[in-house]
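S.K.:
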Amino acid sequence: MIREQDKGMSVIVKTVTRFTMGLILLYGIYILSHGHLSPGGGFAGGVIVALSFVLLMLAYGKETALKKFPKGVVSFFENAGAIMFLSIALLGFTGGYFFLNFLDKGEPYKLFSAGIIPLCNIAISLKVGAGLFAIFVALVLVKLESEKKV
Amino acid sequence: MIELYILLIFMIVGAIIAIEVKDLLSSVVTVGAVGIALSMAFLILKAPDVAITQLVVEILCLIILIRATLKKDLPFISTGRWFLNTLITVGFIAMFLFVAAKALKDLPDFGYPIMKVAKIYIANGLAQTGAANVVSSVMLDFRAYDTLGEATVLFTAVIGVLAVVRKIGRKNQEGQDD
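Those protein sequences? They're chains A and B, same order as listed.
Every letter in the first sequence is one number past the one before it in this note's numbering, and letter 81, counting from 1, is 81.
Plus 1000 on top of the position in the second sequence (first one is 1) and you've got this note's numbering.
(1) Terminal residues of the continuous alpha helix (DSSP H) containing Thr17/A?
(2) Which first and last residues belong to the alpha helix (DSSP H) in which Thr94/A is found?
(3) Just the Cα atoms here: how many angstroms apart are Val1057/B and Gly28/A?
(4) When the Cα of Lys67/A is compared with those of Leu56/A, Phe76/A and Val11/A, which residue comes out closest?
(5) On the CB-based measure, 16 or more other CB atoms within 10 Å of its CB, does Leu126/A come out buried or exposed?
(6) Just the chain B side, please: which residues come within less than 7 Å of Pro108/A by C-beta, in chain order?
(7) For Tyr60/A, is the classification buried or exposed, using 16 other Cβ atoms within 10 angstroms of its Cβ as the cut-off for buried?
(8) Going along chain B in order, which residues have a C-beta closer than 9 Å to the C-beta of Ser113/A?
(9) Please classify Ala1163/B as buried or exposed, where buried requires at least 16 other C-beta atoms within 10 Å of its C-beta.
(10) Is it true that the region 91 to 99 of chain A meets the region 37 to 46 of chain A, where meeting means three or more beta-carbon pairs spaced less than 8 Å apart?
(11) Can you give me, in chain order, the residues of the region 118 to 130 of chain A that have a beta carbon less than 8 Å from any beta carbon in chain B?
(12) Any idea if Glu78/A is buried or exposed, counting beta-carbon neighbours within 10 angstroms, 16 or more meaning buried?
(13) Counting only Cβ pairs nearer than 7 Å, list the residues of chain A close to Asp1109/B.
(14) Can you list the residues of chain B that Lys105/A reaches, using a CB-CB cut of under 8 Å?
(15) By DSSP, does Arg1067/B sit in helix, in strand, or in coil?
(16) Could you run through the region 51 to 65 of chain A and flag, in chain order, every residue whose CB is less than 8 Å away from some CB of chain B?
(17) Rank Val1158/B, Met1011/B, Met1040/B and Asn1124/B by C-alpha distance to the C-alpha of Lys1054/B and give the top, closest one.
(18) Considering only residues of the same chain and omitting the five flanking positions on each side of Phe1010/B, which have a CB-CB separation below 7 Å?
(19) Please return the same chain residues whose Cβ sits closer than 6 Å to the Cβ of Ile129/A, not counting the five positions on each side in sequence.
(20) Taking DSSP as the reference, what is the three-state secondary structure of Ser113/A?
(21) Does the beta carbon of Ala1144/B sit closer than 7 Å to a beta carbon anywhere in chain A?
(22) Here's the rule I'm using: 16 or more other beta-carbon atoms within 10 Å means buried, otherwise exposed. How should Val140/A be labelled?
(23) Give me the Cα-Cα distance between Ile1093/B and Val1158/B, rounded to the nearest whole angstrom.
(24) Run down chain A in chain order and give the residues with a C-beta less than 7 Å from the C-beta of Pro1048/B.
(25) In angstroms with no decimal places, state the Cα-to-Cα distance between Val54/A and Thr15/A.
(26) Can you tell me whether Pro1108/B is buried or exposed, with buried defined as 16 or more other CB within 10 angstroms of its CB?
(27) Check whether chain B comes within 7 Å of Phe19/A, counting only Cβ atoms and requiring the distance to be less than that.
(28) Going by Cα to Cα distance, which pick from Tyr1121/B, Leu1007/B and Ala1151/B is closest to Asn121/A?
(29) Does the region 1120 to 1136 of chain B touch the region 102 to 117 of chain A, meaning 3 or more C-beta pairs lie closer than 8 Å?
(30) Cβ atoms of Val1034/B and Ala1015/B: under 7 Å apart, would you say?
(31) Tell me which residue opens and which closes the alpha helix (DSSP H) that Ile1019/B is part of.
(32) Looking at Leu1004/B: is its Cβ nearer than 7 Å to the Cβ of Ile1044/B?
(33) Please list, in chain order, all residues of the same chain as Lys105/A whose beta carbon is under 8 Å from its beta carbon, the five residues on each side excluded.
(34) In angstroms with no decimal places, state the Cα-to-Cα distance between Asn1085/B and Gly1091/B.
(35) Give, in chain order, every residue of the region 1051 to 1070 of chain B whose Cβ lies closer than 7 Å to some Cβ of chain A.
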């Protein structure tokens, strides 16, 4: 515990981060999975998921966050989101045309409804969250290097 | 409607302060205040989807900007051809106001949009897509091509950032400088 305090912010910030990070991540998952029922959607949910990891990085320092979510995993999620979105769109050709809602529409106002829209939301959130976290990591790493040089 | 005008005036004042203030960190914080006010304006106009997205993107941009600009200072340039600059600025403002006055005259009144395409989406959105949120059904079913293009733009932006800040290019540049 004492060794962990070497990097990052004070112990108050770390404790609050430990309590709130899971809640923020869960809220992001709620926003993205209920995108077809309530306001929100893939983009906002993905950004909230990315913000929870940004919070972890700000509070605990670069090493802890990158150990939990390495750069390879980030780029994998980004590419997986893009490919998932495109393949959902291409699967519409089984019924006729691009972006066809080929799944069962289901009962309205239920979580499992609206065909491909929740799947598209999940794909977009993977892409957006991983992409914005990658941008943040890249800018922070550049900043640390330039500080080291000066 | 009065609260919308208060928010708009607040945003204009905040933008002017963000340009005029000398300290870079204060400027970034002021830009964040303008973004929060914009998200509240979206809420007042009954667009919660846009408000949520605006709020979270604003927070992320604010964190990135603060991390990027902290402990840095930009040189403040005040000398030079101020007369020519002011003349060009006033000319462009006058031209913009003239064109905007001509264009705004033909727009429909505020709160009374022309709903030729949107009427069909609102009427048939739930039946055709099964999504209770009409915004989501427009984004991912009726107008999914736009969302695909938006995702491509973000992908390109991430690749661009990673290409600009990658280590190999920076090292080569350092070698040339030394």
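We put the CB at the ideal spot given by N, CA and C, even for glycine.
M.R.: Concretely, from the data shown:
(1) Val11 to Ser33
(2) Thr94/A -> no alpha helix (DSSP H), and no H or E assigned at all.
(3) 13 Å
(4) Leu56/A
(5) buried
(6) Leu1126, Gly1130 and Ala1132
(7) buried
(8) Gly1130, Ala1131 and Ala1132
(9) exposed
(10) no
(11) Cys120, Asn121, Ile124, Lys127 and Val128
(12) buried
(13) What Asp1109/B touches in chain A: nothing, since even the nearest Cβ is about 26 Å away.
(14) Thr1129 and Gly1130
(15) helix
(16) Leu51, Val54 and Leu58
(17) Looking at the sequence itself, residue 1054/B is Gln, so the reference to Lys does not match. Ranking the options by Cα distance to Gln1054/B, first place goes to Met1040/B.
(18) Ala1037
(19) With the sequence shown as reference, residue 129/A is identified as Gly, and Ile is not the correct amino acid for it. These residues qualify, in order along the chain: Gly46, Val49 and Ala50.
(20) coil
(21) yes
(22) buried
(23) 34 Å
(24) Pro39
(25) 16 Å
(26) exposed
(27) no
(28) Ala1151/B
(29) yes
(30) yes
(31) Ile1002 to Glu1020
(32) yes
(33) Ser113, Ala114 and Gly115
(34) 10 Å
(35) Ile1052, Thr1053, Val1056, Val1057, Ile1059, Leu1060, Ile1063, Ile1064, Arg1067 and Ala1068
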